[in-house]
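First up is the structure itself, then whatever we jot down about it.
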Amino acid sequence: MKAVFLDRDGTIIEDVNYLSRLKDIRLIDKAKEALEIFKENGFKIIVVSNQSGVGRGYFSSDFVKEANDIINRMVDGLIDGFYFCPHLPEDNCSCRKPKTGMVDAAIRDFNLSKEGSFVIGDKESDVELGINAGIEPVLILTGYGKKYKDSTKANLIFENIYEAAKWICQKGSME
516 MKAVFLDRDG TIIEDVNYLS RLKDIRLIDK AKEALEIFKE NGFKIIVVSN
566 QSGVGRGYFS SDFVKEANDI INRMVDGLID GFYFCPHLPE DNCSCRKPKT
616 GMVDAAIRDF NLSKEGSFVI GDKESDVELG INAGIEPVLI LTGYGKKYKD
666 STKANLIFEN IYEAAKWICQ KGSME
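The numbering of the sequence shown is this note's numbering, which starts it at 516 and goes up by one.
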């Protein structure tokens, strides 16, 4: 079973720099349509997200779970799983991107294959996660993506998750 491992903030929803209010959750334009394309083409959809705001005391793990539930309702339940790292960068945990702990857990939990899968996000840590996990990385230019466009290690770069989904699933030009 192939999967897309998606970053959350800046990839599926607008990045508001430490989302701490549920009312600030806004889907990125055509993100839901992108998820529909992935589903129609047999991908499991897994969100992997660093959430150091938990470790910093900005919000709780329960808040992150509630936000993820709201996001999944906004996309009609298309997301199969959410994994997040609550640790600070200096904690040196095994789950914080670009380390592979969240991807490894999802692969075990869902019996996923790395072959044919993709890691998609707007930061170089997402790209490095893909490289470290042995999964094709994709940089998208929403969120912080434009900052990394000229220095990324990713071979695949798209304007947004929708354009990435169209290309990955070879749907051609969709309106």
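Built from N, CA and C at the ideal position, the CB exists for glycine as well. All values reported here derive from a predicted model rather than from experimental measurement.
- Boundaries cannot be given for asparagine 675, as no alpha helix (DSSP H) includes it and DSSP labels it neither H nor E.
- Apart from sequence neighbours up to five positions away, the residues of its chain that approach arginine 611 with a beta-carbon distance below 6 Å are Asn565, Cys600, His602, ordered along the chain.
- Distances from the CA of phenylalanine 597 to each of Pro652, Leu542, Val618 were compared; the closest alpha carbon is that of Val618.
- Of the residues assessed, glycine 525 falls on the buried side of the cut-off, its CB having 16 or more other CB atoms within 10 angstroms.
- Short of 6 Å from the beta carbon of arginine 523, and not among the five residues preceding or following it, lie these beta carbons of its own chain, in chain order: Val562, Ser564.
- Of the candidates Ile683, Arg571, Asp591, the residue whose Cα lies closest to the Cα of glutamate 605 is Arg571.
- Close CB contacts of aspartate 539 within its chain, under the 6 Å cut and outside five residues either way in sequence, are with Val531 (chain order).
- For the segment 612-658, the continuous beta strand (DSSP E) assignments of 3+ residues that do not extend past its boundaries occur at 633-636, 651-655, in sequence order.
- Taking each of Ala679, Ala549, Tyr573, Ile622 in turn and checking the Cα distance to alanine 648, the smallest one comes out for Ile622.
- Nearest C-alpha to aspartate 595 among Asn626, Val569, Lys661, Ile672: Asn626.
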